[in-house]
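Student: Just passing along the structure, written as structure tokens.
Protein chains in written order, with the numbering used here: chain A, 1 to 280; chain B, 1001 to 1117.
Here's what the structure looks like:
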């Protein structure tokens, strides 16, 4: 009997911790005594990750005038923190395997997540937020609770899906009614298990209710808005068929003009296809 | 006067209000005629809209869909009404999001069908 989001992670060893390579990168980035050389060495040991990272850095995502051919070059141009965040996004996508295809098309799921990530990164840049790459990662992470549900409780998840279809309900509302919790609270537990920074935990936990975030309501509001944009633009699909309702408090907190939508749409359309090609 | 998105503003249009940066400092003065250079400066400053004389938001919105296939537009609007079931259509954000999403979707459909033919 599943009674809490915590139960879902018990015994789910495949995703209950992040790949060792990411933990090592993270440790090196956070350690003031480690050098760029150390970080480069750790990344280079994972050939797949190295190749993906270079593809992303050379995509429309960054639009650098010159090709970035090596990890040391990427570190010096993008920065260690930002490269760490991109490595996290790539590692997370590779982690989930064997999701029942009748519950979600995994490619569409990641497309939605990438769309949210690009939208969040763009909105964050308009607000002059620091290290915008963490918002891209937040987009990748925001719905991962749903993947855990599809793996661990496929039947209950299917019932929630059917319930939302039948009653024209938002999926996260149907989940809460069916299970007593929704994918956002499952995602929160996952972020804790992965020992990710508290702002990622709050973003994931509150992306539908950003006004309830205790320490990072702005970050949560940005991803909340980005999720609405990705749905409205029809980028991929997380299983939710409706554009989620806007949280009024979050909108006011961001203090963005409505006119930010046009350049944000343009930026997303410019980057989305390329990001999907390089990251998926 | 109407608040226009930056991409709708053209050289020769006249400001109906001061353009302020995010700290409330005046960048361009009310009554100024917009030039291509000013447009570029506004973009670089991250300004996304401005009040323009003699144009209403309604006129500009109507113009944006002028060239679109009317039948396709109506059909797409109906599809988006469904997807926006839980949105607050009274809110200015949702209204603009709806408008832009519909136009974008129609452009995509027209682009695809043109290529198919």
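No residue lacks a Cβ here, since even glycine has one placed at the ideal position from N, Cα and C.
Which of helix, strand or coil does DSSP assign to residue 1052/B?
Tutor: Strand at residue 1052/B.
Student: Just to check my reading of the structure: residue 1072/B and residue 1110/B have Cβ atoms closer than 8 Å, yes? What is that Cβ distance to the nearest angstrom?
Tutor: That pair is a contact at about 7 Å.
Student: Leaving out the 5 sequence neighbours to the left and right, which residues in its chain are closer than 6 Å to residue 289/A when beta-carbon positions are compared?
Tutor: A query on residue 289/A cannot be resolved here, the shown segment of chain A reaching from 1 to 280 and no further.
Student: With the cut-off set at 9 Å, would you say residue 207/A and residue 220/A are in Cβ contact?
Tutor: Closer than 9 Å, so yes.
Student: For residue 258/A, return the contacting residues in chain B, with the cut-off set at a CB-CB distance below 7 Å.
Tutor: Neighbours of residue 258/A on chain B, chain order: 1092, 1093, 1096.
Student: With 16 other CB atoms within 10 Å as the buried threshold, where does residue 1003/B fall?
Tutor: With 16 or more Cβ atoms within 10 Å of its Cβ, residue 1003/B is classed as buried.
Student: Does the beta carbon of residue 1054/B sit closer than 9 Å to a beta carbon anywhere in chain E?
Tutor: Of the chains in the structure shown, none is chain E; the protein chains are A and B.
Student: Which word fits residue 26/A, buried or exposed, when buried means at least 16 other C-beta atoms lie within 10 angstroms of its C-beta?
Tutor: Answer is buried; the Cβ neighbour count reaches 16.
Student: Return the CA-CA distance between residue 1062/B and residue 1054/B, expressed in angstroms with no decimal places.
Tutor: Computed Cα separation, rounded: 15 Å.
Student: Using a beta-carbon distance cut-off of less than 7 Å, what residues from the stretch 245 to 256 of chain A approach chain B?
Tutor: Those residues of the stretch 245 to 256 of chain A that come within reach of chain B (Cβ to Cβ, closer than 7 Å) are 245, 246, 251.
Student: For residue 67/A, I'd like the list of residues in its chain whose CB is within less than 7 Å of its CB, leaving aside the five on either flank, ordered along the chain.
Tutor: Excluding sequence neighbours, residue 67/A sits near 58.
Student: Determine the closest residue to residue 71/A out of 91/A, 38/A, 150/A, 274/A, with distance taken between C-alpha atoms.
Tutor: Taking only the C-alpha atoms, the option nearest residue 71/A is 38/A.
Student: With a threshold of 8 Å on Cβ separation, who are the neighbours of residue 281/A within its own chain once the five nearest residues in sequence on each side are excluded?
Tutor: The requested residue 281/A does not occur in the structure, where chain A is confined to residues 1 to 280.
Student: Give a yes or no on whether 9 Å exceeds the smallest Cβ distance from residue 207/A to chain B.
Tutor: Chain B, which has no Cβ nearer than 9 Å to the Cβ of residue 207/A, makes this no.
Student: Are residue 234/A and residue 1105/B closer than 9 Å when you measure CB to CB?
Tutor: Contact: yes.
Student: In angstroms, rounded to a whole number, what distance separates the CA positions of residue 211/A and residue 1049/B?
Tutor: In a straight line, the C-alpha of residue 211/A is about 27 Å away from that of residue 1049/B.
Student: Decide if residue 201/A is buried, meaning its Cβ has at least 16 other Cβ atoms within 10 Å, or exposed.
Tutor: Buried is the call here.
Student: Determine the burial state of residue 1010/B: buried for a count of at least 16 other Cβ atoms within 10 Å of its Cβ, exposed for fewer.
Tutor: When all chains shown are included, residue 1010/B counts as exposed.
Student: Can you tell me whether DSSP reads residue 1028/B as helix, strand or coil?
Tutor: The answer is strand: DSSP assigns residue 1028/B an E or B state.
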